[in-house]
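Residue numbering for the sequence shown follows UniProt numbering, beginning at 1 and increasing consecutively. Glycine is no exception: its CB is placed at the ideal position from the N, C-alpha and C atoms.
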Amino acid sequence: MEVEENNVLYNSVLDDNFKEVCPEKVIKFKPPLYKQRYQFVKDLVDRHEPKKVADMGCGDTKLLRLLKVYPCIQLLVGVDINEEKLQSNGHYLSPYLGEFVKPRDLDLTVTLYHGSVVERDSRLLGFDLITCIELIEHLDSDDLARFPEVVFGYLSPGMIVISTPNLEFNPLFPTMTLRDADHKFEWSRMEFQTVYTTTYPSLQQERVLKFVLVGELLVQVEHLRLRQQRMLREEEGARGPQPQAPPLLLGAVFTEAEQARIESSPKPFCEGDKFCIPLRRLLAYPKLHRLRLDEDRMRRLIADSVCLSRDGSAVVVDLHSSWDRWPEEN
């Protein structure tokens with residue numbers, strides 16, 4: 001970055017009109033900012049060699065033209081809401097004569113889509129890299145609110161690059177509040193970080209842990225209840241039609257270590273019409289075992305969701321009634 005104190009022609013990014021700036025200190029970036037942004041993406045491609053790359057808000061296709069030379073890329077997609085720009089710049093992505101003389105080792109398909117970054121498009125699923133260079137500041141508040149859900153949630157590429165102007169530099173530019181007339185906002189670094197900070201559900205969050213625990217526990221309890229019914233019918237020699245367990249409860253396959261852990265835990269038992277499954281038994285099953293809970297914490301988490309024995313050591317269900325209490329995510 002340089003500061004020049006001369007009479008210069010300054011290209012205002014507000015209206016693209018040239019005007020004379022006399023004599024003021026004018027910020028000039030070397031290399032220009034757009035080249036620095038593109039270089040960041042190119043360095044990323046060099047390091048990670050993505051096969052499928054999409055540039056959202058590709059506009060004049062300059063970044064796509066730089067990326068199409070990378071031999072690792074096999075699918076290169078540009079998306080822009082301005083169809084006229086796509087039509088006028090698409091020809092820049094056609095193969096050069098030299099590319100016929102010395103063809104690539106791998107196929108490359110370049111496609112431009114007329115579309116929006118805030119609309120779900122299944123054609124953009126499964127990409128290794130998606131770039132949004134100087135894009136989000138052009139979105140209105142409603143579209144900006146949808147942007148994270150679509151890009152981070154629905155599309156969920158392997159890597160995402162997002163760049164936006166840094167508001168903190170604007171006081172250094174002459175007569176400038178926003179850098180472009182179409183910008184709906186510009187953020188400081190702190191605002192950018194705050195807007196795009198979110199927390200994903202994890203087992204470290206007790207609410208999430210409880211939801212997963214109770215759900216898995218009820219599935220396992222129902223499986224054991226149905227198996228106990230079947231065993232009782234076999235003992236009584238019953239030959240009538242037997243209720244079938246739901247498909248998701250059938251076909252469990254355990255490793256030798258898992259089977260040994262289950263068999264060494266306290267066995268389920270009946271008390272009249274009640275079927276009791278010890279918590280230690282439930283914790284031995286793989287999906288519950290991976291939660292790494294001790295018996296006391298498990299008991300505390302499930303106490304208001306299931307019926308426990310008097311001493312709290314077992315889950316108690318009616319042997320002859322299907323379980324109908326399922327957790328609700330609050």
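Can you give me the start and stop residues for the alpha helix (DSSP H) that residue i sits inside?
| i | result |
| --- | --- |
| Ile302 | 295–302 |
| Leu232 | 206–236 |
| Tyr113 | Here Tyr113 belongs to no alpha helix (DSSP H); instead the beta strand (DSSP E) covers 109–114. |
| Arg146 | 141–148 |
| Val101 | 97–101 |
| residue 337 | Residue 337 is absent from the model: the chain starts at 1 and stops at 330. |
| Arg261 | 256–263 |
Compare the C-alpha of residue i against each of the options and name the closest.
| i | options | result |
| --- | --- | --- |
| Leu125 | Val101, Leu155, His320, Thr111 | Leu155 |
| Met159 | Asp121, Thr131, Asp311, Asn82 | Thr131 |
| Tyr38 | Val79, Val219, Ile162 | Ile162 |
| Leu76 | Phe127, Pro201, Val212 | Phe127 |
| Pro209 | Val41, Leu108, Arg299 | Checking the displayed sequence, the identity of residue 209 turns out to be Leu instead of Pro. Comparing Cα positions, the closest option is Arg299. |
| Ser313 | Gln204, Ala54, Ser265, Arg146 | Ser265 |
| Gln74 | Pro103, Ile81, Pro50, Phe211 | Pro50 |
| Gly153 | Ile136, Asp121, Cys72 | Asp121 |
| Val69 | Gln228, Thr109, Leu226, Leu291 | Thr109 |
| Arg225 | Arg261, Arg207, Cys270 | Cys270 |
| Gly90 | His223, Leu67, Asp43, Asp60 | Asp60 |
| Leu106 | Arg123, Asp43, Glu216, Pro71 | Pro71 |
| Ser305 | Val214, Ser94, Arg65 | Val214 |
| Ser94 | Glu256, Leu66, Val117 | Leu66 |
| Leu217 | Ile302, Gly237, Arg104, Leu44 | Ile302 |
Does residue i have its Cβ less than 8 Å from a Cβ in chain C?
| i | result |
| --- | --- |
| Ser202 | Reference to chain C is not applicable here, since this structure consists of a single protein chain. |
Quick check on the burial criterion: 16 or more other C-beta atoms within 10 angstroms. Buried or exposed for residue i?
| i | result |
| --- | --- |
| Cys58 | buried |
| Met231 | exposed |
| Cys276 | buried |
| Lys52 | buried |
| Val101 | exposed |
| Asp55 | buried |
| Val317 | buried |
| Pro157 | buried |
| Gly98 | exposed |
| Pro23 | The predicted position of Pro23 is uncertain, since its pLDDT is 49 and thus under 50; a value taken from the coordinates is nonetheless stated next. Exposed. |
| Asp80 | buried |
Can you tell me where the beta strand (DSSP E) holding residue i begins and where it ends?
| i | result |
| --- | --- |
| Glu271 | 269–271 |
| Phe275 | 274–278 |
| Ile130 | 129–133 |
| Asp318 | 314–318 |
| Ile160 | 159–163 |
In whole angstroms, what separates the C-alpha of residue i from that of residue j?
| i | j | result |
| --- | --- | --- |
| Leu288 | Asp273 | 26 Å |
| His320 | Leu308 | 17 Å |
| Pro148 | Asp46 | 26 Å |
| Leu282 | Val253 | 16 Å |
| Ala284 | Glu235 | 26 Å |
| Leu144 | Pro201 | 22 Å |
| Gln220 | Gly115 | 46 Å |
| Arg310 | Glu119 | 54 Å |
| Asp294 | Arg280 | 9 Å |
| Val151 | Glu222 | 38 Å |
| Pro165 | Arg261 | 57 Å |
| Pro32 | Asp142 | 31 Å |
| Leu64 | Gly78 | 7 Å |
| Tyr34 | Asp43 | 14 Å |
Jot down the residue ranges of each uninterrupted beta strand (DSSP E) in the segment 40–86, minimum 3 residues, whole runs only, in chain order.
-> If we require 3 residues or more, the beta strand (DSSP E) runs fully inside the segment 40–86 come out as 52–56, 75–80.
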